[in-house]
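K.L.:
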């Protein structure tokens, strides 16, 4: 189908352009916006792969909620322009892109060059309910019940950790003998220079 | 569109994200690049799920999204804590875990 190919190339170019924008833009705020564009392009690709529920979740959860969190933190920390002259210092600035290029060549050889003829298909024939919320929910609550529960527990742990990390330093009274995450963020542990130099 | 196109696109995006992690120094941008890499993995998982014709790869992708959200929350919390302590927002000068 011609329209499908056109949509694939438009969304693919959008995804790659967004990814390049995330890496190359100097202002972190614009990086976040480029990532939003990238995520929306990716959700179009998910729709082409008939994963309707995941496309919706991508837009709502990622491009909506997570990116809003990023924007808040960038605004809070102050998204000053990074100094790109100091960005690539010494051998690290040369080796970093080099490693990425080597990885790309390796992955492309692995995907294209290995003659995986099974990849040259349009995929199996699937019905209309493929990737719909019904199928995802049924799989999550039957076959993948344990990962589902572990994921919910992980979300709980992350929420508690975020509250501990981000609360005010002297906001709550706490017993001094307990060792907690708050020790990591306490201000009276040392000066800035000691913290940087170790 | 063949499945291989999606897999090659996913490899591209993964490598762009890896290049960002290796070259940028702001932890905010590094977190964004990790998001890129995770999303590339998600694209490959969904492409393989479409190829196999069952929805199990999509469950994998969903779990990856959950883990990515947790990682973002903790990472941004650490960045905010760094900012509160007036530490430089720079991964090169933050080379130790000890507070």
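Protein chains in written order, with the numbering used here: chain F, 342 to 539; chain A, -5 to 93.
Even glycine gets a Cβ: it sits at the ideal position worked out from N, Cα and C.
Fair warning: this is a prediction, and the values are worked out from it, not measured in the lab.
With a threshold of 6 Å on Cβ separation, who are the neighbours of residue 513 of chain F within its own chain once the five nearest residues in sequence on each side are excluded?
P.N.:
Taking the first residue of the first chain as position 1, residue 513 of chain F is located at position 172. Model confidence at residue 513 of chain F stands at a pLDDT of 49, short of 50, so the residue's coordinates are unreliable and nothing is read from them.
K.L.:
Would you call residue 448 of chain F buried or exposed, if buried means 16 or more other Cβ atoms sit within 10 Å of its Cβ?
P.N.:
Numbered from its first residue, the first chain carries residue 448 of chain F at position 107. It counts as buried.
K.L.:
The alpha helix (DSSP H) that contains residue 83 of chain A, what's its start and end?
P.N.:
What you label residue 83 of chain A is simply residue 89 of the second chain in a count that begins at 1. Neither: residue 83 of chain A is in no alpha helix (DSSP H) and is coded neither H nor E.
K.L.:
Judging by CA-CA distance, which residue of A:12, A:51, A:2 is the nearest neighbour of residue 441 of chain F?
P.N.:
Stepping through the first chain from its first residue, residue 441 of chain F is reached at position 100. It is A:12 whose Cα lies nearest to the Cα of residue 441 of chain F.
K.L.:
If you reduce the DSSP assignment to three classes, tell me which class residue 503 of chain F lands in.
P.N.:
Your numbering for residue 503 of chain F matches position 162 in the first chain. Of the three classes helix, strand and coil, the one that applies to residue 503 of chain F here is helix, per DSSP.
K.L.:
Assuming residue 415 of chain F and residue 22 of chain A are in contact, meaning their beta carbons sit under 8 Å apart, how far apart are those beta carbons, in whole angstroms?
P.N.:
Stepping through the first chain from its first residue, residue 415 of chain F is reached at position 74. Stepping through the second chain from its first residue, residue 22 of chain A is reached at position 28. At roughly 6 Å, the Cβ-Cβ gap stays under 8 Å, so residue 415 of chain F and residue 22 of chain A are in contact.
K.L.:
Which chain A residues are close to residue 474 of chain F, counting only those with a beta carbon under 9 Å from its beta carbon?
P.N.:
In the first chain, the residue the question calls residue 474 of chain F occupies position 133. Simply none; closest approach about 11 Å.
K.L.:
Report yes or no: is there a C-beta of chain F within less than 7 Å of the C-beta of residue 47 of chain A?
P.N.:
In the second chain, the residue the question calls residue 47 of chain A occupies position 53. Yes, because at least one Cβ of chain F sits closer than 7 Å to the Cβ of residue 47 of chain A.
K.L.:
Counting contacts by CB-CB distance shorter than 7 Å, is residue 372 of chain F in contact with chain A?
P.N.:
Here residue 372 of chain F refers to the residue found at position 31 when the first chain is read from its first residue. Chain A contact via Cβ: present.
K.L.:
Can you pull the chain A residues whose beta carbon is under 8 Å from the beta carbon of residue 357 of chain F, in chain order?
P.N.:
In the first chain, residue 357 of chain F corresponds to position 16, counting from 1. Chain A residues near residue 357 of chain F: 3, 6, 7, 10.
K.L.:
Does residue 485 of chain F get closer than 7 Å to chain A when you measure Cβ to Cβ?
P.N.:
Position 144 of the first chain, counted from the start, is the residue given in the question as residue 485 of chain F. It does: the Cβ of residue 485 of chain F has a partner Cβ on chain A nearer than 7 Å.
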